Amino acid sequence: MRQNDLLTRTFAFGVNCLKFLRTLPNDPESKLIRFQLGKSATSIGANYEESQAGSSKADFKNKVKIALREARESNFWLRVLEKLDGYNSEEFKNLLNESAELKNILAAIVNNTKL
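Just remember that our numbering sits 4 ahead of the position in the sequence shown, which is counted from 1.
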């Protein structure tokens with residue numbers, strides 16, 4: 005996978021999560037998750053985008069580590085939604101799967117970046 009592909013995927017993941025969050029009910033739990041997941045899902049792409057202009061390999065790796073933490077958090081909130089409300093739509097399954105894949109890809113980048 006080329007890094008530009010990952011830029012596209014992280015951007016699309018953030019947008020798709022925001023679109024999905026519009027469908028959540030207006031109860032207190034959903035409000036909390038909407039806020040947290042909205043922040044973490046969009047932060048993955050923002051931090052990966054920033055990593056592309058890193059001033060050094062260490063700066064690049066640090067930004068990717070932040071994106072990885074945000075991907076882990078996004079995956080967490082999606083799993084909470086799955087257990088809390090039993091989401092089972094194709095759209096939701098795709099978000100959950102993509103969050104896991106992004107986690108794995110970003111972890112591989114962090115682990116393979118030599119300083």
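Just so it is clear, CB atoms sit at the ideal spot from N, CA and C, and this is done for glycine as well.
Since the model is a prediction, treat every value here as computed from it, not as a measurement.
- The C-beta separation of ALA45 from CYS21 comes to about 4 Å, placing the pair in contact by the 8 Å criterion.
- If you draw a straight line from the Cα of ASN115 to the Cα of GLU77, it is about 19 Å long.
- The beta-carbon distance between ALA71 and ILE37, rounded to whole angstroms, is 20 Å. This is too long to meet the 8 Å contact definition.
- About 4 Å separates the CB atoms of ASN79 and SER103; that is less than 8 Å, so the two are in contact.
- Closest by C-alpha distance to LEU25, out of THR14, LEU119, GLU95, is GLU95.
- In the same chain as TYR91, and ignoring 5 residues on each side of it, the C-beta atoms closer than 7 Å to its own belong to LEU85, in chain order.
- Take ILE113, set aside five residues on each side of it, and the residues of its chain with a beta-carbon closer than 6 Å to its own are VAL68, in chain order.
- Of the candidates GLY42, GLN40, ARG73, ARG73 places its Cα closest to the Cα of TYR52.
- Excluding five sequence positions before and after TRP81, the CB atoms of its chain that fall closer than 7 Å to its own CB belong to ILE37, GLN40, LEU41, SER44, given in chain order.
- Annotation: THR117 to ALA62 spans about 9 Å, alpha carbon to alpha carbon.
- It is roughly 12 Å from the alpha-carbon of THR27 to the alpha-carbon of SER93.
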